[in-house]
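Chains as they are written, first to last, in the numbering used here: chain L, -2 to 369; chain F, 115 to 371.
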Amino acid sequence: MKDSNYDKKLKEEISALDRVGFDTKGETERSGSFLVIDNKEEESLSREDELIILPITLALKEYPWVKDLLFSIVNKDKDKWTKMVAEEEQIVGSFIYVKEGVKVQFPTQSCFFLHNEGFDQILHNVIVLDPGSKLDVITGCTTGNLVTRGRHISVTETFVREGASLSYTMIHDWGAKTVVYPRTAIKVEKRGSYTSNYVALTKVGEIQSNPVAYLSDEATVKFSSIIYGRPDSLIDMGSRAILKGRGSSAEIISRVVSKRSRIISRGYIEGGNEGTKGHMECNGLLLDKKSSIYAVPELEASHIDTELSHEASIGKIAGEQLNYLMSRGLDEESARSLLIRGFLEGGIKGLPRNIQDRIDAMIRKATSKESI
Amino acid sequence: MEEKRNKELLLEIKDLSVKTGDKQLLYGVNLNVKEGEVHVIFGPNGSGKSSLVSAIMGLPNYEVVSGDIRFKGKSILGLGLTERARMGIGLAFQHSPVVEGVSVDILLRAIAKDKKIVHEITKETDLKKHLNREVNVGFSGGERKRGELLQLLAQSPQLVMFDEPDSGVDVENMGLIIKIVRKLLQKDLPIMKRKNCGIIVTHSGTILEKIHANIGYVMIGGRIVCSGSPLDIFDQIRTNGFARCAKEARENERFQL
Ligand SMILES: Nc1ncnc2c1ncn2[C@@H]1O[C@H](COP(=O)(O)OP(=O)(O)OP(=O)(O)O)[C@@H](O)[C@H]1O
Ligand SMILES: [Mg+2]
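So this is what it looks like as structure tokens:
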């Protein structure tokens, strides 16, 4: 039996989820909300008629077509982790669905919360935006204060139908020894657009995530990631864009900072049709001798009429800039903190106001003098 | 009534030699600057003027081989950049670096002890529109010069060093630059009340017409080769070039050998 003390603590922790953008106090305008604690769907709530937010099991009952979407763009047999998701008897996860032509004004929030030490959180999520619709989603993934160990294994399949537009912001704030294996695919249909913003600034055991987007004619995708690798973390993060449709385009931007951690920063764009365009920017900053960053920008052209480019750089904080700031009286830590903050801020710009503010606050916290 | 007292010696440079890597940049430089004084340094390109102010500021790569730099009576050779800046030494860089990702506003707030002045000083330097831009990124030459002065206004140092604050500045902006240099040097206070002092590195006379300087020097080949009234020296340079000073320098050297 769980005692009332346990419930009280859980409540406190839930109310602290705003650190990953999940507002439980009603202070920020949200169109809907979805919360999973360990493997229980605690909340699924929509404030709009044509925005459906349900636990995936209920969605399967209510919308028979959802069944055909499961494992339709992520291969069930891709690896050990996708197999684990496929083998779950009772599937847990979110279903977010916006009906045709509906432009949802405020962001929908979701949160995957690991509350019990050592728990395996296994999820299957589906997002569908019908033609011409629009939605902003902010997802926070985090652990309870005392949880250090645990695993998050998930499959997320996203469908952006013709002319629809989805911005998807994901904030990772895991425990020190948590391991995280999300498997994500996005299908962006004709003239659809998908914007992904990924933020991971706190300590984690291991993250391995390589979302892949498949684009139809004139579809666009933009992946931005900012990552701050903390001591002993291993982060393997990379975005992939497959430009199958004519005139489709992709942009991948990543800013990674490594502090005694190892970061693999991947990017892959395949230009597979005429008039396709792809650009990748991959910048890394090493903070000390024990850090490593492995940048793997890959371009593949399988059509003559595609334009692909990438820029990659890895280095340490420029001495010239540091000296300049210090010559105005800033101490070294403050100067470094400003420079690291500026570097990360450059990675994610122009989000909906209340999401951008949240991320800026997180960057400020992560790069404060005390925490760099 | 304030007691009349002698002006305090703020900066004392004794027989200073500086190198970077294997290259010697300065040879036995001597310089004393008191409260309220302004000193001007002339000299051809590559003669060591920036090296001198950089060494005073404490920029790494300017290694003191011999001699001493004292500020407010204490040797500062062992002190880093931050400490020197906090003691009251400030430098407007000749070539300021770009600082990507850091906005002017954020930097000024980090520098200024009194955050309330930020608004006022950006107005004074006509850089209000630049407040949200990244420091020096895409700034024009003149904007960069004003940006340096803006940061110094935030820092408010007691020894203010200007490394070519006027080069590449148009006529209209020159007026603005001069106004701010005057402010930093407390030129509008009565002489006895001025606590600040300055070193100005310049190639032009405009700034000297508007800002009275106490003494001028010519630096050639890492040495101060002559000194005197700043306007006289500037006139000489204009008529005879650096040649006469250079000749004196060579004679000096021969004399030393
Ligand atoms: N880090 C360095 N490495 C090598 N040489 C250097 C370095 N710094 C300065 N020098 C050299 O020292 C000499 C003096 O340079 P400095 O910048 O002090 O000249 P300056 O008098 O300020 O010239 P200008 O009027 O062109 O600004 C130059 O020949 C310059 O190339
Ligand atoms: Mg110079």
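Idealized CB from N, CA, C, for every residue including glycine. Computed from a prediction, not measured in an experiment: that's the story for all the values here.
Cβ-based burial, residue i [other Cβ within 10 Å; buried from 16]
i	result
arginine 352(F)	exposed
isoleucine 291(F)	buried
serine 165(F)	buried
tryptophan 78(L)	buried
serine 168(F)	buried
glutamate 267(L)	buried
isoleucine 305(F)	exposed
tyrosine 291(L)	exposed
glycine 255(F)	exposed
asparagine 250(F)	buried
serine 343(F)	exposed
serine 310(L)	exposed
aspartate 133(L)	buried
arginine 350(L)	exposed
tyrosine 191(L)	buried
glycine 23(L)	exposed
valine 293(L)	exposed
methionine 115(F)	Model confidence at methionine 115(F) stands at a pLDDT of 42, short of 50, so the residue's coordinates are unreliable; what they give is reported in the following sentence. Methionine 115(F) should be labelled exposed.
tyrosine 3(L)	exposed
Residue of the options minimising C-alpha distance to residue i
i	options	result
valine 99(L)	Lys73(L), Leu126(L), Thr145(L)	Leu126(L)
histidine 450(F)	Gly261(F), Ser161(F), Gly172(F), Asp302(F)	The requested residue 450(F) is not part of the displayed model; chain F covers only 115 to 371.
lysine 187(L)	Ser236(L), Gly129(L), Glu59(L)	Gly129(L)
glycine 284(L)	Val254(L), Arg180(L), Asn270(L)	One detail in the question is off: residue 284(L) reads as leucine in this sequence, not glycine. Leucine 284(L) has its Cα closest to that of Val254(L), out of Val254(L), Arg180(L), Asn270(L).
leucine 120(L)	Glu154(L), Leu132(L), His307(L)	Glu154(L)
aspartate 280(F)	Met306(F), Pro271(F), Asn250(F), Thr316(F)	Thr316(F)
alanine 182(L)	Phe220(L), His169(L), His149(L)	Phe220(L)
glutamate 271(L)	Glu215(L), Asp35(L), Gly281(L)	Glu215(L)
glycine 312(L)	Glu330(L), Glu329(L), Ser289(L)	Ser289(L)
aspartate 346(F)	Ile220(F), Leu267(F), Val232(F), Val332(F)	Val332(F)
tyrosine 225(L)	Leu212(L), Ser245(L), Ser262(L), Leu111(L)	Ser262(L)
glutamate 330(L)	Ile301(L), Thr364(L), Leu305(L)	Thr364(L)
serine 222(L)	Met277(L), Glu9(L), Lys256(L), Thr140(L)	Met277(L)
cysteine 138(L)	Val17(L), Tyr191(L), Arg180(L)	Val17(L)
arginine 243(L)	Thr303(L), Leu231(L), Ser258(L), Asn207(L)	Thr303(L)
arginine 257(L)	His149(L), Ile232(L), Gln87(L), Asn36(L)	Ile232(L)
lysine 133(F)	Arg258(F), Leu191(F), Glu177(F), Arg308(F)	Glu177(F)
aspartate 46(L)	Lys174(L), Glu38(L), Ile88(L), Tyr94(L)	Tyr94(L)
glutamate 59(L)	Phe92(L), Gln106(L), Asn122(L)	Phe92(L)
lysine 200(L)	Glu317(L), Glu159(L), Tyr178(L), Thr140(L)	Thr140(L)
Neighbour flag for residue i against chain F, beta carbons, 8 angstroms
i	result
methionine 277(L)	no
asparagine 320(L)	yes
serine 221(L)	no
isoleucine 350(L)	Checking the sequence shown, residue 350(L) turns out to be arginine, not isoleucine. Cβ-Cβ to chain F under 8 angstroms: no for arginine 350(L).
phenylalanine 439(L)	Summary: the structure shown does not reach residue 439(L), with chain L confined to residues -2 through 369, and so no result is reported for it.
phenylalanine 340(L)	yes
valine 196(L)	no
glycine 343(L)	yes
methionine -2(L)	Caution applies to methionine -2(L), whose pLDDT of 48 falls short of 50 and renders its modelled position unreliable; the value that the coordinates give is listed next. Not closer than 8 angstroms to any Cβ of chain F, the Cβ of methionine -2(L) fails to qualify, so no.
glutamate 159(L)	no
arginine 44(L)	no
methionine 323(L)	yes
glycine 312(L)	no
leucine 336(L)	yes
Contact with chain L by residue i, beta-carbon distance below 8 angstroms
i	result
alanine 199(F)	yes
proline 304(F)	no
proline 377(F)	The question about residue 377(F) has no answer here: the residues shown for chain F are numbered 115 through 371.
proline 211(F)	yes
valine 216(F)	yes
methionine 115(F)	Because methionine 115(F) carries a pLDDT of 42, less than 50, the predicted location of this residue cannot be relied on, and the following value inherits that uncertainty. It does not; no Cβ of chain L falls within 8 angstroms.
proline 174(F)	yes
isoleucine 225(F)	yes
leucine 273(F)	no
glutamine 370(F)	Residue confidence for glutamine 370(F) is low, a pLDDT of 49 falling below 50, so the modelled location carries little weight and cannot support an answer.
Under 7 angstroms by beta carbon: chain C residues contacting residue i
i	result
leucine 245(F)	This model lacks chain C altogether; the protein chains it does include are L and F.
Would you list, in sequence order, the uninterrupted alpha helix (DSSP H) runs of no fewer than 4 residues that lie entirely inside the stretch 202 to 280 of chain F? Runs of the alpha helix (DSSP H) lying entirely within the stretch 202 to 280 of chain F, each at least 4 residues long, are 218 to 225, 231 to 238, 255 to 269 in chain order.
May I ask you to verify whether the stretch 173 to 186 of chain F touches the stretch 122 to 130 of chain F, counting CB pairs closer than 8 angstroms and requiring at least 3? Result yes; three or more Cβ-Cβ pairs closer than 8 angstroms.
Three CB pairs or more closer than 8 angstroms across the stretch 267 to 277 of chain F and the stretch 292 to 301 of chain F: By the C-beta criterion, the stretch 267 to 277 of chain F is judged to be in contact with the stretch 292 to 301 of chain F, since at least 3 inter-stretch pairs fall below 8 angstroms.
Just list the beta strand (DSSP E) runs in the stretch 256 to 282 of chain L, keeping only unbroken ones of 3 residues or longer that don't cross its boundaries, in chain order. Segments of the beta strand (DSSP E) lying fully in the stretch 256 to 282 of chain L: 259 to 268.
The stretch 271 to 278 of chain F contacting the stretch 238 to 248 of chain F, beta-carbon criterion three pairs below 8 angstroms: Touching, no.
Under 8 angstroms, with one C-beta from each stretch per pair, do the stretch 49 to 60 of chain L and the stretch 154 to 172 of chain L reach the 3-pair mark? The stretch 49 to 60 of chain L, when compared against the stretch 154 to 172 of chain L, does not touch it at the 8 angstroms Cβ threshold.
Take every Cβ of the stretch 323 to 337 of chain L, pair it with every Cβ of the stretch 228 to 237 of chain F, and state whether three or more of those distances are shorter than 8 angstroms. Because the criterion of three Cβ pairs below 8 angstroms is not met, the stretch 323 to 337 of chain L and the stretch 228 to 237 of chain F do not touch.
Are three or more beta carbon pairs between the stretch 4 to 20 of chain L and the stretch 65 to 76 of chain L nearer than 8 angstroms? Verdict: no, contact absent.
Given 8 angstroms as the limit, is there contact between the stretch 189 to 207 of chain L and the stretch 354 to 364 of chain L, that is, 3 or more CB pairs closer than that? Touching, per the Cβ criterion.
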